[in-house]
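All remarks here apply to the structure that follows.
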Amino acid sequence: MNKKLLFTSVWGFLLILLFNGCRTNDEAIKNERQIQGAEYSSKTLWNEDEKYIKNVIKVYDQYKETVGKSTQIKGEPFWDYAMTMGQFNESYLEVPVINQEKVVQILRVIRKGSKVYFSSNSTEKTSLDFFQQLIFGKYTTIKGDEERKGKIQSVGSGSMAMGQVVCVTRTVSMWYPDNNNDPDGPGHWESMSETRCTWVEQVTDTIVPCIDCSDGGLPEGPGGVGLPYIDEAADINYDKLKDFPCAYALAQQLTNEKIGGDLARLLKETFGANERVNISFQTSDNKFLGETVTGGFRFTGDANNFNGTVYLNKDRLSNATQDFLLSTMYHEVLHGYLNYERSRIGETEFNNRYPAMESYDVKFGDGTTMKKFLFIGTDQNHNRMGPFIDGIKQAVLNFDPSYPAGRAEALAMGGIIAESALPPAYRGISSHEADGSTAALGKRCSK
127 MNKKLLFTSV
137 WGFLLILLFN
147 GCRTNDEAIK
157 NERQIQGAEY
167 SSKTLWNEDE
177 KYIKNVIKVY
187 DQYKETVGKS
197 TQIKGEPFWD
207 YAMTMGQFNE
217 SYLEVPVINQ
227 EKVVQILRVI
237 RKGSKVYFSS
247 NSTEKTSLDF
257 FQQLIFGKYT
267 TIKGDEERKG
277 KIQSVGSGSM
287 AMGQVVCVTR
297 TVSMWYPDNN
307 NDPDGPGHWE
317 SMSETRCTWV
327 EQVTDTIVPC
337 IDCSDGGLPE
347 GPGGVGLPYI
357 DEAADINYDK
367 LKDFPCAYAL
377 AQQLTNEKIG
387 GDLARLLKET
397 FGANERVNIS
407 FQTSDNKFLG
417 ETVTGGFRFT
427 GDANNFNGTV
437 YLNKDRLSNA
447 TQDFLLSTMY
457 HEVLHGYLNY
467 ERSRIGETEF
477 NNRYPAMESY
487 DVKFGDGTTM
497 KKFLFIGTDQ
507 NHNRMGPFID
517 GIKQAVLNFD
527 PSYPAGRAEA
537 LAMGGIIAES
547 ALPPAYRGIS
557 SHEADGSTAA
567 LGKRCSK
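Numbering-wise (my numbering), the sequence shown opens with residue 127 and increments by one.
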């Protein structure tokens, strides 16, 4: 009986230890989550690319199990201390991974186009110590310092690009008293640094960070697991079309993947555009646009944002079919994007990229002008225009399945391809649909 009692006591003791161990670990994770808060809020000493950090958090939350298996994460990422190391083009971050108030890993996330790659490292002592001191340093008197170093280098020879290695060093210095019982007495500073290098080609707008800055700082590739990057959705505003009900309803199709017509995706597939698309539509008239012009576009923006306003001539389009209206909306955004691209990369480079193109000016009623573009020649891909033309055609057909495919292609090509370059059977179709003549076959707008 005593043996049985002893056996029961031992197992009870082991179960208590096991439960206590699980509880301790759970409490540690809970405590770590409480330290960084429920929502992301940067606690680093520097400005960070918070848009990229927030988007990566969304990817991580969506694919947490996949990332965990791939990178062997042994704790909780402390997103509040994520750093983008001077990058603001949604390309790179590193975040400390915490287990029981100790930095055990560095999780790094590199963006390549439409994917992000997660990888981790638990052996870089300088990085681990840097984040450990930044987050859990005993004394809170901290100095932050950021330093950039550049060195122009030539990579190889011949047509290889010139560029530079840019290294960003971040240092935290913390004050430690010589006597812990006298924190206001004499003491000393201890510093920890974190350095990341990037190779910047003079011919590109994209900075690709490298993990190992050996061999002159050239990147070795992202490694890790590649997952879809969560881009912010295109912002298509059509409230100012309410006095043109037919166009107002159609504008809502410009982000509708069910008809295959997502505007931002078409720009990306055609031009490799990574900019955020922010487009506003509004009605206009003959007085502003002219009696022969169906629409116009004004753009603003920067390297990361394509912003603009599309003007639709209600006077000119009052009899147009819905099929023509829908294609016109895509066309005007395209004209705006080509203007934006021309401004961004310069006229010489623009002409090199699009040699089979001619432009003409449209003068607005307020005296300002915008350029419109026509592709010339017989190549139906028209210098990378194939995806955009196919996208418009498919959007028209999915919107109006009874509309003839050949006419849908004619609408997709009209307005961006010179009339003389169109197949003979396609010429005149856009005019009939724009006027709503008896030869038009598209859906009529309700009066």
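All C-beta atoms, glycine included, are put in the ideal place defined by N, C-alpha and C. No experiment lies behind these values; they were computed from the predicted model shown.
Among the options, which residue has its Cα nearest to the Cα of residue i?
i           : options            : result
residue 440 : 560, 464, 353, 486 : 560
residue 409 : 366, 262, 391      : 366
residue 376 : 500, 551, 572      : 572
residue 482 : 511, 192, 219, 536 : 511
residue 196 : 177, 229, 247      : 247
residue 75  : 362, 243, 467      : Look at the range of the chain in this structure, 127 to 573, and you will see that residue 75 is not part of it.
residue 413 : 222, 493, 185, 234 : 493
residue 206 : 569, 182, 198      : 182
residue 214 : 234, 403, 179, 202 : 179
residue 449 : 397, 517, 529, 546 : 529
residue 446 : 474, 368, 570      : 570
residue 237 : 356, 469, 187      : 356
residue 562 : 547, 500, 451      : 451
residue 453 : 533, 469, 188, 434 : 533
residue 443 : 372, 192, 378      : 372
residue 201 : 193, 184, 225, 191 : 225
residue 378 : 477, 254, 521      : 521
From residue i to residue j, what does the alpha carbon distance come to, in whole angstroms?
i           : j           : result
residue 389 : residue 256 : 44 Å
residue 340 : residue 250 : Note that residue 340 scores 33 on pLDDT, short of 50, meaning its location in the model is unreliable and no value can be drawn from it.
residue 428 : residue 312 : 51 Å
residue 527 : residue 231 : 55 Å
residue 513 : residue 406 : 23 Å
residue 177 : residue 216 : 7 Å
residue 244 : residue 525 : 39 Å
residue 374 : residue 199 : 49 Å
residue 393 : residue 234 : 29 Å
residue 397 : residue 220 : 30 Å
residue 305 : residue 223 : 31 Å
residue 479 : residue 472 : 11 Å
residue 353 : residue 258 : 28 Å
residue 516 : residue 370 : 27 Å
residue 485 : residue 501 : 9 Å
residue 364 : residue 263 : 52 Å
residue 556 : residue 436 : 19 Å
residue 267 : residue 239 : Low confidence applies to residue 267: its pLDDT is 45, below 50, so where it sits in the model is not reliable, and the reading given next is rough at best. Distance between the alpha carbons of residue 267 and residue 239: 40 Å.
residue 261 : residue 432 : 38 Å
residue 466 : residue 558 : 30 Å
residue 227 : residue 165 : 19 Å
residue 241 : residue 490 : 41 Å
residue 187 : residue 470 : 35 Å
residue 189 : residue 474 : 43 Å
residue 564 : residue 424 : 33 Å
residue 253 : residue 193 : 21 Å
residue 551 : residue 402 : 37 Å
residue 404 : residue 218 : 24 Å
residue 191 : residue 229 : 20 Å
Please return the same chain residues whose Cβ sits closer than 8 Å to the Cβ of residue i, not counting the five positions on each side in sequence.
i           : result
residue 411 : 439, 440, 441
residue 488 : 415, 416, 419, 422, 495, 496, 497, 498
residue 545 : 553
residue 548 : 536, 539, 540
residue 395 : 513, 514, 517
Based on the DSSP secondary-structure assignment, which residues constitute the bridge partners of residue i?
i           : result
residue 231 : 223
residue 546 : Paired residues: none, contrary to the question.
residue 496 : 488
residue 442 : Paired residue(s): none; residue 442 is not in a bridge.
residue 416 : Beta-bridge pairing links residue 416 to no other residue.
residue 540 : 543
residue 406 : 363, 435
residue 119 : As shown, the chain starts at 127 and ends at 573. That puts residue 119 outside it, with no answer to give.
residue 424 : 435
Check whether the Cβ of residue i lies closer than 7 Å to any heavy atom of the ligand MN, and answer yes or no.
i           : result
residue 189 : With respect to the ligand MN, the structure shown offers nothing to examine, as it has no ligands at all.
Which same chain residues end up closer than 7 Å to residue i when comparing Cβ atoms and leaving out the 5 residues on each side of it in sequence?
i           : result
residue 168 : 174, 176, 206
residue 567 : 529, 530, 533
residue 523 : 529, 531, 534
residue 185 : 242, 353, 355, 356
residue 519 : 534, 535, 538
In its own chain, which residues sit with a C-beta less than 6 Å from the C-beta of residue i, not counting the 5 before and 5 after it?
i           : result
residue 203 : 221, 223, 233
residue 476 : 468
residue 426 : 433
residue 380 : 362, 389
residue 307 : none
Is the number of C-beta pairs between the region 442-461 and the region 535-547 that are closer than 8 Å three or more? yes
Quick one: any contact between the region 206-219 and the region 166-173, if contact means 3 or more CB pairs under 8 Å? yes
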